[in-house]
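Structure, as structure tokens:
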Amino acid sequence: MELGFTQRDVSRILYPDSDNNLLGSIESSFRKNGFTDENLNKLARAFSKRARILGLDHMYTLEDFYPANAMDEILVPKKVIDIPKELKQTGMLHLLLVEKKEKFFKDWHTVSEIAAFCGKQADKVWTNNDFTAIVKVAVDEGKLIRKSEEEALFKRP
């Protein structure tokens, strides 16, 4: 930031009696602290004071923290696909890879990593032994690609 404040400096402006760096967790649902107009006014005053010291021609106000145009409050529909816990390894891989199109499969992963990821989603403990043949079938069907014969890394094509 051009005014040279650190995160801890800003935290001290907002909460001078606290030894903690509360700024990083200010929006946590477990804290009563927040970016209230009172706190934003404290920051505006401190920013204006620092700007004067630095010879900058800007007085900060509460409006500096809000967008110029009001944003529409439009809810974005969220599609949730429940993952049945009774799925076996093949079904879980198909669900995550094909139906849910999990971002996990955009990057290269080992069979062990794929097994751990699928197991976590299914709330089960699976190993690479559970997935070696399944991943090979997915490669044969064109659902996964292998990086090379030397490297057993897989991802979505």
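Every letter in the sequence shown is one number past the one before it in our numbering, and letter 35, counting from 1, is 39.
Note that the Cβ used here is the ideal one computed from N, Cα and C, for glycine as well.
Keep in mind it's a predicted model, so treat the numbers as computed, not measured.
Considering only S116, V115, F121, H98, the residue with the shortest C-alpha distance to F108 is F121. When beta bridges are read from the DSSP output, F69 appears opposite no residue. The C-alpha of E155 lies about 48 Å from the C-alpha of S15. The Cβ atoms of K147 and V115 lie no closer than 8 Å to each other. When DSSP assignments are scanned along the segment 69-151, the uninterrupted stretches of alpha helix (DSSP H) that are 4 or more residues long and fall wholly within it turn out to be 93-98, 115-126, 132-144. The Cβ atoms of A48 and Y70 lie no closer than 8 Å to each other. Secondary structure note for L44: its alpha helix (DSSP H) is the uninterrupted segment 41-57. Here the alpha carbons of K104 and Q11 stand approximately 38 Å from one another. A straight line joining the alpha-carbon of K159 with that of Q125 spans about 18 Å. Straight-line spacing of the CA atoms in F39 and M96 works out to 42 Å. Shown here for D111: same chain residues with a beta carbon closer than 8 Å to its own, the five before and five after excluded, namely K159 in chain order.
By the criterion of a C-beta distance shorter than 6 Å, A142 is surrounded in its chain by L148, once the five residues flanking it on both sides are discounted. Contact between L44 and L66 holds, since their C-beta atoms are separated by about 5 Å, short of 8 Å.
Cβ contact annotation for D41 (same chain, cutoff 8 Å, sequence separation greater than five): L66, in chain order. In chain order, A119 place their CB closer than 6 Å to the CB of T131, counting only its own chain and leaving out the 5 sequence neighbours on each side.
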